[in-house]
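Enquirer:
Residue numbers (the working numbering): 2 to 214.
#1: Looking at the unbroken beta strand (DSSP E) that takes in residue 34, where does it start and where does it end?
#2: In terms of residues, what are the limits of the beta strand (DSSP E) holding residue 127?
#3: So, is residue 160 buried or exposed, given that buried needs 16 or more other C-beta atoms within 10 angstroms?
#4: Measure the C-alpha to C-alpha separation of residue 136 and residue 77 and round it to an integer number of angstroms.
#5: Taking 8 angstroms as the CB-CB limit, is residue 99 close to chain D?
#6: I need the straight-line Cα distance from residue 202 to residue 132, nearest angstrom please.
#7: Is residue 46 near the ligand MN, with its Cβ less than 7 angstroms from a heavy atom?
#8: On the three-pair Cβ rule with 8 angstroms, is the stretch 119-131 touching the stretch 21-32?
#9: Enumerate in chain order the residues of its own chain whose CB-to-CB distance from residue 51 is below 8 angstroms, with the five nearest sequence positions on each side excluded.
#10: Let me know the secondary structure DSSP gives residue 43 once reduced to three states.
#11: List the endpoints of the continuous beta strand (DSSP E) containing residue 121.
Put into C-alpha cells, the structure is as follows:
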C-alpha cells in the first residue's frame, strides 16, 4: 500500500507552453516510472507518487530536455520529499522540489557529482516525518544518506538494496519498526549503518561491506 498524505500545499498550477502535450508527457513519464516500479499507481491525487508526478508535469519544457535517468532521479527525490512531510514539517531542505532549478541546486543538503547524479543527502535533524518510500531505490548513485534524528515511521524499504554505492546510511533516532530487510546485504560498500534508537528487529546480514559502526 502506498503511503498517503494530506498536505496543505501541493504543486502550483501548471504553466505550460502551447506546444506541450500534457497527456502524452504524463503517459510517457508514468510508463517510465512503472518500468522501474511496476506496482506504482497514480490514481489518488494525494499520494507522494501522484504529487511527485504532478510536479514533474508542471515543469513542462524542462522535463522534455532531461534524460530518463534524470527524470527518475527528480521523481525519486520528489517522492521522498512528499512522503517524509515536505513541505509541512521539513525545517531543512526548503529549496527542494524547485521547478526553476535543477535538483543539484536545491541547497547544501544535497550534492551531485560531475554528471549531475545525486551522491550525497544529509537531512539529519530536519523534522522529517512519514515514511521512507521505496522510490529511494531510484537514487542509485548515492554514497551518503543521513536521515538521523527525525520522526520517520514504518519500515525500511527493501529497495535500499539498490543503492550499491552507499557508504553511509543513517536512520538512527527515529520511530522505525519491523525487520531489517535482507537486501541490506547487497550494500557491499557500506561502512556506516546507523540504526540505533528505533524499534527495528532482525540481524544485519554478514555480507554488508566492512562496516565500522
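Ideal placement from N, C-alpha and C gives every residue a C-beta, glycine not left out.
Expert: Checking against the coordinates, here is how it stands:
#1: Walking along the chain shown from the start, residue 34 turns up at place 33. Premise fails: residue 34 lies in the alpha helix (DSSP H), 23-37, not in any beta strand (DSSP E).
#2: Start at 1 with the first residue of the chain shown, and residue 127 comes out as number 126. Element bounds for residue 127: n/a, residue is neither H nor E.
#3: Numbered from its first residue, the chain shown carries residue 160 at position 159. With 16 or more other Cβ atoms within 10 Å, it is buried.
#4: For the purposes of this step, residue 136 is taken as residue 135 along the chain shown, with counting starting at 1. For the purposes of this step, residue 77 is taken as residue 76 along the chain shown, with counting starting at 1. Each residue's alpha carbon lies about 5 angstroms from the other.
#5: Protein chain content of the structure displayed is limited to a single chain, and chain D is not contained in it.
#6: Reading the chain shown from its first residue, position 201 is the one you call residue 202. Reading the chain shown from its first residue, position 131 is the one you call residue 132. Between residue 202 and residue 132, the C-alpha separation is close to 17 angstroms.
#7: Among the components of this structure there are no ligands whatsoever, and the ligand MN is therefore not found.
#8: no
#9: For the purposes of this step, residue 51 is taken as residue 50 along the chain shown, with counting starting at 1. So the list reads 43, 44, 45, once near-sequence residues are dropped.
#10: Position 42 of the chain shown, counting from 1, holds the residue named residue 43. Residue state, collapsed to three classes: coil.
#11: By 1-based counting over the chain shown, the position of residue 121 is 120. 119-123 is the span of the beta strand (DSSP E), which, as asked, contains residue 121.
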